[in-house]
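Sequential numbering of the sequence shown, starting at -1, is according to our numbering.
Even glycine gets a Cβ: it sits at the ideal position worked out from N, Cα and C.
Okay, so here's the structure we're looking at.
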Amino acid sequence: MTFSETYRDPTLVAQTIQKIHAATRQHWTIMEICGGQTHALMQHGFDDLLPEEIELVHGPGCPVCVTPLELIDKGIAIAQQRNVIFTSYGDMLRVPGSTLDLFSVRAAGGKVKIVTSPIEALQIARSNPDQQVVFFAIGFETTAPANALSVLKAKELNLKNYSMLVSQVRVPPAIRTILSDPQNRVQGFLAAGHVCSVMGYQEYLPLAEEFRLPIVVTGFEPLDLALGILETVKALENNRNEVINAYPRAVIKEGNQSAQEIIQRVYEPCDQKWRGIGTIPDSGWKLNATFSDFDAEKRFEVGDIQTKESEICISGLILQGRKKPFECPAFGTICTPQNPLGATMVSSEGTCAAYYRYQWK
Ligand code: SF4
């Protein structure tokens, strides 16, 4: 058995699930923040394996889902310009803007390219000096270092034809917003292991103390998820309000300090709009004054675009763990992955898409 297969071993997972059953004495509501974890939990049937007292709710950790609609419309407006090559991760191309998506722009002749990293976008800029190349820089703390690095390199190379359309969000302020809501039901969090591998988990210590709940750094394999839930349940049952690292093979308390330095050189904190939730203070990063020339919103003057969300879609409540996809009247009827009304159905990490794929009968 390889090292990574150990974390998918059914026997070890079953033993850990048994320990969760043995540890659980009352009802607990636990939120996993990360959309990747939501999908893994659904895929491996955790809802059916866990004690019925454990309720999993799903947080706003899908980067595609929380990217504001107006930013998607701005991306579309930029991509429609004649001298632009618009680059993006594939997921973003299917997200509906107010009237179009990026795939439609490409079908109509726009130069929209799927890339797998901002460095690939940078290379496209170097190879096409007569074109403006824009990278759609969305995501959480996990994508921020590579995005920032591409801008650092562009400045070093004095590239005048590279810029980024930025929606860079941070997890801890979102946790604070969820916990501060008078209707909050979340009693414990699984913190996303990949985010913590970059940022460490020091930022979570004051949250656990202030809101008196456990936050458990958790990985993505079935055994990681079971161990994260077990640690959360044990902490809840024993009234321990602390941050626990259940993913020590990838995460240390301080995180990746080289990556953090790159982030600090290029970005500065800002208030950030989250789709479905609204503006969360200090929850984003924008390019700082040294790198603001690389801000596509400024370069292409698309600052004034206004948008209107679907009136049916309740993804904002789903992203805060207050509703589940089955409670949306459009779920599986007029909203499907083939015909999505909201971003949580579009993205491969979206909660509605996970429920549709793994639980829709
Ligand atoms: S099912 Fe569709 S309409 Fe309903 S909340 Fe999810 S994305 Fe929105």
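| Asked | Found |
| --- | --- |
| Proximity test, L47 beta-carbon vs the ligand SF4 heavy atom, cut-off 7 Å | no |
| At least 3 beta-carbon pairs within less than 8 Å: the stretch 227 to 234 vs the stretch 278 to 289 | no |
| Neighbourhood of P171 by C-beta, 6 Å cutoff - its chain only, sequence neighbours within 5 removed | I278, D280, S281 |
| Entirely enclosed beta strand (DSSP E) segments - the stretch 175 to 245, minimum 3 residues | 186 to 190, 213 to 216, 241 to 243 |
| Bridge partner(s) assigned by DSSP for Y160 | V131 |
| Per-residue burial, D99 [other beta carbons within 10 Å of its own, 16 or more giving buried] | buried |
| Beta-carbon proximity check, R168 vs L205, cutoff 8 Å | no |
| Own chain partners of K322 with C-beta closer than 6 Å, once the 5 adjacent residues on each side are dropped | none |
| Backbone secondary structure at M(-1) - three-state DSSP | coil |
| Run of the beta strand (DSSP E) containing Q79, from where it starts to where it stops | No beta strand (DSSP E) holds Q79; DSSP gives it neither H nor E. |
| Proximity test, P116 beta-carbon vs the ligand SF4 heavy atom, cut-off 7 Å | no |
| Residue span of the alpha helix (DSSP H) that contains H19, given as start and end | 8 to 21 |
| Where L69 falls: helix, strand or coil (DSSP) | helix |
| Per DSSP, cross-strand counterpart(s) of V300 | DSSP output for V300 lists no bridge partner at all. |
| Where M(-1) falls, given that 16 or more other Cβ within 10 Å makes a residue buried | exposed |
| Cβ-heavy atom distance, T216 to the ligand SF4, below 7 Å | no |
| 6 Å Cβ shell around V214 - same chain, five flanking residues per side excluded | L188, G226, E229, T230, I242, A244 |
| Beta-carbon spacing of F292, G34 below 8 Å | no |
| Candidates P212, C311, L150, D222: closest to Q262 by CA position | L150 |
| Contact check, V344 vs V103, beta carbons under 8 Å | no |
| Under the three-state DSSP convention, the category Q357 falls into | helix |
| Check: L328 C-beta below 7 Å from any heavy atom of the ligand SF4 | Note on residue identity: the sequence assigns Ala, not Leu, to residue 328. A328 Cβ: within cutoff of the ligand SF4. |
| Range covered by the beta strand (DSSP E) that runs through H25 | Counting along the chain, H25 falls outside any beta strand (DSSP E), and DSSP gives it neither H nor E. |
| Residue of M162, D179, G191, S178 minimising C-alpha distance to V264 | M162 |
| M197 beta carbon near the ligand SF4 (any heavy atom closer than 7 Å) | no |
| Stretch pair the stretch 176 to 187 + the stretch 302 to 312: three plus CB contacts closer than 8 Å | no |
| Neighbour-count burial assignment, I250, 16 or more Cβ in a 10 Å radius | exposed |
| Supposed contact pair V64 and R273 - C-beta distance, whole angstroms, cut 8 Å | 5 Å |
| Option in P49, E266, Y87, P327 with minimal Cα separation from P116 | Y87 |
| Near the ligand SF4: P61 beta-carbon under 7 Å from a heavy atom | no |
| Sequence-distant residues of its chain with Cβ nearer than 7 Å to K153 (five each side left out) | F289 |
| Helix, strand or coil at C60 [DSSP, three-state] | coil |
| Nearest-angstrom beta carbon gap, G253 and M197 [assumed within contact, 8 Å] | 5 Å |
| Residues that DSSP places opposite C268 in a beta bridge | G282 |
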